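Accompanying notes for the structure given below.
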Amino acid sequence: MPQTDTPTDTVPDATLYEWQRRAQRHLADLIEHGAKNGLPPLMWSLAPNGNLVARADGLGFTPDVQRDTVRRWADHVGARVDVEHTTDGREELYAGWKDDERRTRGCFRATIFVHREGA
Numbered sequence: 001m002p003q004t005d006t007p008t009d010t011v012p013d014a015t016l017y018e019w020q021r022r023a024q025r026h027l028a029d030l031i032e033h034g035a036k037n038g039l040p041p042l043m044w045s046l047a048p049n050g051n052l053v054a055r056a057d058g059l060g061f062t063p064d065v066q067r068d069t070v071r072r073w074a075d076h077v078g079a080r081v082d083v084e085h086t087t088d089g090r091e092e093l094y095a096g097w098k099d100d101e102r103r104t105r106g107c108f109r110a111t112i113f114v115h116r117e118g119a
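In our numbering, the protein residues as written are 1 to 119.
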């Protein structure tokens with residue numbers, strides 16, 4: 001069964017664990033590959049359906065570093081970065097990707113509080 005965005009309550013637990021293990025192995029390779037290629041470290045999480053979410057957020061990330069980090073990782077895997085400006089003063093960066101060979105998918109994200117950028 002290929003990994004999907006199907007609600008997890010319709011997928012057997014054994015399948016979800018299989019998807020998570022596959023994604024966990026891919027994550028280890030992504031971290032190693034990022035270190036070897038000088039890409040900035042990210043905050044990674046693993047969803048129940050095996051999707052990997054990498055965030056360029058946190059105290060050590062300035063808005064420019066967040067943008068650069070998402071773009072560098074997206075370029076590295078051939079993903080397009082989408083940018084949305086919200087009405088409450090946020091800039092949301094999102095770059096979704098999938099790896100057909102490994103049967104994994106994920107995204108790189110950043111939330112930038114634009115109204116704080118000049119501070």
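Ideal Cβ positions, reconstructed from N, Cα and C, are used throughout, including at glycine.
The model shown is predicted, which means the values in this text are computed figures rather than measured ones.
Item: Continuous beta strand (DSSP E) stretch holding E18: start and end; Value: Counting along the chain, E18 falls outside any beta strand (DSSP E), though it belongs to the alpha helix (DSSP H) covering 13-36.
Item: Through-space distance from R55 to G96, alpha-carbon basis; Value: 12 Å
Item: Within the segment 60-90, ranges of the beta strand (DSSP E) (whole runs, at least 3 residues); Value: 82-85
Item: Start and end residues, beta strand (DSSP E) containing G111; Value: For the record, residue 111 in the displayed sequence is Thr; it is not Gly. Looking at the DSSP string, the run of the beta strand (DSSP E) that includes T111 is 104-113.
Item: Limits of the beta strand (DSSP E) - the one that L46 falls within; Value: 43-46
Item: Residue from E92, D13, L30, Q24 whose Cα sits closest to the Cα of D64; Value: E92
Item: A52, enclosing beta strand (DSSP E) - first and last residue; Value: Correcting the residue type first, residue 52 is Leu in the shown sequence and not Ala. Here the beta strand (DSSP E) through L52 covers 52-55.
Item: Under 9 Å between C-beta atoms of L46 and L27; Value: yes
Item: Own chain partners of R120 with C-beta closer than 8 Å, once the 5 adjacent residues on each side are dropped; Value: Residue 120 is absent from the model: the chain starts at 1 and stops at 119.
Item: Other residues of its chain near N51: CB distance less than 6 Å, five sequence neighbours each side excluded; Value: R105, G106
Item: Coarse secondary structure for L93, derived from DSSP in three states; Value: strand
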